[in-house]
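Mapping to this note's numbering: the sequence shown position 48 is 40, numbers consecutive.
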Amino acid sequence: MHLILSFCIFGAFVSSLQVSGNTMNLQQNDGFSRNKRSTDSDASYFFYQQPDYPRDCKEVFERCDGESSDGVYLIQPDGYLEPFPVYCNNTVDGGNWMVFQRRLDGSVDFNRNWEDYKNGFGFPNREFWLGNEKLAYITNQKDYEIRFDFVSKSGDPYFAKYNLFRVSDEGTLYRLVDVGDYDSTSALSYNALSTNRGMAFSTRDRDNDLHATYHCADYYNNGWWFNACYYTHPNYPWSTGPHWHNFPGGNHNIQYIEIKIRPL
């Protein structure tokens, strides 16, 4: 079965994203990219075209008249060379959220190397990791908040929310440089992400954690901002399940997780 999503990009630019069970094919029709340089023969300077694509999901819904549906759209953050597809959630908590991680059935292996976590993997309408390089560009163009949404194995919803989230570039190991205050309205009592503040990203082939004796990402079979090692672990192997410390019913009592960000 194929799902075809047609959507407004910005102005008169329209693209379609075609997603199947195991392929993703992007067809687009745009006259120029954000980074094309234009020149004027009568002037001694050059200038860049204005952005063609929204920079995040908030701009998607602002610029696409009448469009408010959850789904896959193209964005292009400041400085990023090409547009790329993201999943926008306009339903939860006022909308305008961009999802960068989702797990729901274990169909995608999260035990990946540095390059996979850098570039992203999976499918944006199913299980996926958007990619650390994209996250760095997005979260450094303005301030963003972050929200974790969970469904327990008994079907109960929970969430956790922080009022700031920012990731550094690859040169500084995609460090989680900013994690804001824990939202007091969050449905989970334990502030599990605070211990990850300032941590570099680790994968099975890059040991950047603070543990004295072993490599957290290799030991737990996936990538994350490990300290020594964690109190939250959304990418934990599916056979055990994602982890949040003191989660109701048990730390791994999670059958669905979605992590999303939104500009403040």
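Backbone N, C-alpha and C fix where the C-beta goes; we use that ideal spot for every residue, glycine too.
Under DSSP, no beta-bridge partner is assigned to residue 166. Put simply, the stretch 102 to 117 touches the stretch 208 to 220. At least three CB pairs are less than 8 angstroms apart. Rounded to the nearest whole angstrom, the C-alpha separation of residue 98 and residue 61 is 26 angstroms. Between residue 248 and residue 143, the gap from beta carbon to beta carbon is short of 8 angstroms. Burial check for residue 160: the Cβ neighbour count within 10 Å reaches 16 or more, so the residue is buried.
When the beta-carbon positions are compared, residue 169 and residue 188 stay at least 8 angstroms from each other.
Between residue 180 and residue 239 the beta-carbon gap is near 7 angstroms, inside 8 angstroms, which marks them as a contact. Following the DSSP letters along the chain, one finds residue 127 inside the alpha helix (DSSP H) bounded by residues 124 to 131. Membership of residue 108 in the alpha helix (DSSP H) is indicated by the continuous run 106 to 111.
Three or more pairs of CB atoms, one per stretch, sit closer than 8 angstroms, so the stretch 81 to 90 contacts the stretch 138 to 155. In this structure, the straight-line span from the alpha carbon of residue 151 to that of residue 55 is close to 28 angstroms.
Between residue 186 and residue 153, the gap from beta carbon to beta carbon reaches 8 angstroms or more.
The C-beta distance from residue 63 to residue 80 rounds to 7 angstroms, short enough to fall under 8 angstroms. Taking a 10 Å sphere around the C-beta of residue 206, we find fewer than 16 other C-beta atoms and assign the residue as exposed.
Beta-bridge pairing by DSSP links residue 134 to no other residue.
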